[in-house]
Amino acid sequence: MPSTLPDGDETTDVAPATPTEPTTDRAVPTSDPLDADVAGDADVADDAGAERAPHGRPADERRRRRLVALLVSIAGGVLVLDQLSKAWAIATLDGERRELIGDLLGLQLVFNPGAALSIATGMTWVLTLVAVAVVVVLVRVARRLGSTTWAVALGLLLGGALGNLVDRLVREPGFARGHVIDFIAYVDWFVGNVADIAIVVAAGLVVLLVARGVGVDGTRDHDLADDADGESDGEPGAGHADDADADGSARG
60 MPSTLPDGDE TTDVAPATPT EPTTDRAVPT SDPLDADVAG DADVADDAGA ERAPHGRPAD
120 ERRRRRLVAL LVSIAGGVLV LDQLSKAWAI ATLDGERREL IGDLLGLQLV FNPGAALSIA
180 TGMTWVLTLV AVAVVVVLVR VARRLGSTTW AVALGLLLGG ALGNLVDRLV REPGFARGHV
240 IDFIAYVDWF VGNVADIAIV VAAGLVVLLV ARGVGVDGTR DHDLADDADG ESDGEPGAGH
300 ADDADADGSA RG
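The numbering of the sequence shown is the working numbering, which starts it at 60 and goes up by one.
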């Protein structure tokens, strides 16, 4: 409203200026879609990291289950093939040798109370216990599977062990004392069966894997050595960095 000065002039009151809001360093929320996408990607990355956490490891667990399924399938196939071939041998063959490839390979039905090459013929029950122990060990080792080749090798070994173990449990002359059915004659050396073939192939694969340094879980010896060297090399580097920081602080 107008007002009168001492000399009589009229002036007009001017409204005081509105004070400006002080600026702060606080970030202003934004509704930019790009920022929202970045935040969403970060959340997804966090979720993915949570899925790969050491306590869960669903990817490793799925792979282990597939390898165990492969092992069980191979073992089951060997067991079925072994028992079917033995049933055929009992129904078809006798004690007389039938030549297949001259003197190199033939068919001859043999009831073996011992191990391969007729070793330990008077210790059938001991061999039964050994076979049971082998099966238990293989089942326990299967929980650490991380290699396809190891799964194949252990599947063959388990199937062969079970094939001969079934004979010792159910064949004559009695439980845990049964004779193993052999019918594949190799030259004049020994007579075996399908389970024996699976065991020999499995043994060859195991030797190859061990020679290459491949563990049951899929790790290699040189990988573990490289990790150990990396950790030992990293510790001195950290120490040098700390010394450099300390020197810089002292000069400052």
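By construction, the Cβ of each residue, glycine as well, lies at the ideal position given by its N, Cα and C atoms. Source: prediction; values computed, not measured.
Once the 5 residues before and after V127 are set aside, which same chain residues still bring their CB inside 7 Å of it?
Here residue 127 corresponds to residue number 68 of the sequence shown, with the count starting at 1. The residues are A201 and L204.
What does the Cβ neighbour count give for L138, buried or exposed, with the cut at 16 atoms within 10 Å?
If you number the sequence shown from 1, residue 138 lands on position 79. The residue is buried, with at least 16 neighbouring Cβ atoms inside 10 Å.
Could you please give the first and the last residue of the uninterrupted alpha helix (DSSP H) stretch that includes E120?
Position 61 of the sequence shown, counted from the first residue, corresponds to residue 120. Start and end: P117 to T151.
Bridge partners of V239, per DSSP?
To locate residue 239, count along the sequence shown from 1; it is residue 180. Partner(s): N171.
When burial is assigned at 16 or more other CB atoms within 10 Å of the CB, is V246 buried or exposed?
As a position in the sequence shown, residue 246 is number 187, starting the count at 1. The residue in question, V246, is exposed, as its Cβ has fewer than 16 Cβ neighbours within 10 Å.
Would you kindly work out how many angstroms separate the C-alpha atoms of L166 and G154, rounded to a whole number?
If you number the sequence shown from 1, residue 166 lands on position 107. If you number the sequence shown from 1, residue 154 lands on position 95. Those two C-alpha atoms are separated by around 9 Å.
Helix, strand or coil at L213 [DSSP, three-state]:
For the purposes of this step, residue 213 is taken as residue 154 along the sequence shown, with counting starting at 1. DSSP places L213 in helix when its eight states are reduced to three.
Alpha carbon to alpha carbon, how far is G136 from T207? Give it in angstroms, no decimals.
Within the sequence shown, residue 207 is the residue found at index 148, counting from 1. Within the sequence shown, residue 136 is the residue found at index 77, counting from 1. Looking at the two C-alpha atoms, the distance is approximately 17 Å.
Secondary structure of V275, DSSP reduced to three states:
Stepping through the sequence shown from its first residue, residue 275 is reached at position 216. Secondary structure of V275 (DSSP, three-state): coil.
Can you tell me whether D280 is buried or exposed, with buried defined as 16 or more other CB within 10 angstroms of its CB?
Translated into positions along the sequence shown, residue 280 becomes position 221. Exposed, since its Cβ has fewer than 16 Cβ neighbours within 10 Å.
With C-beta atoms as the reference, is D162 less than 8 Å away from N252?
For the purposes of this step, residue 162 is identified with residue 103 of the sequence shown, where counting begins at 1. For the purposes of this step, residue 252 is identified with residue 193 of the sequence shown, where counting begins at 1. Going by C-beta atoms, D162 is not nearer than 8 Å to N252.
What are the boundary residues of the alpha helix (DSSP H) that includes V259?
Walking along the sequence shown from the start, residue 259 turns up at place 200. Note, V259: alpha helix (DSSP H), V253 to A270.
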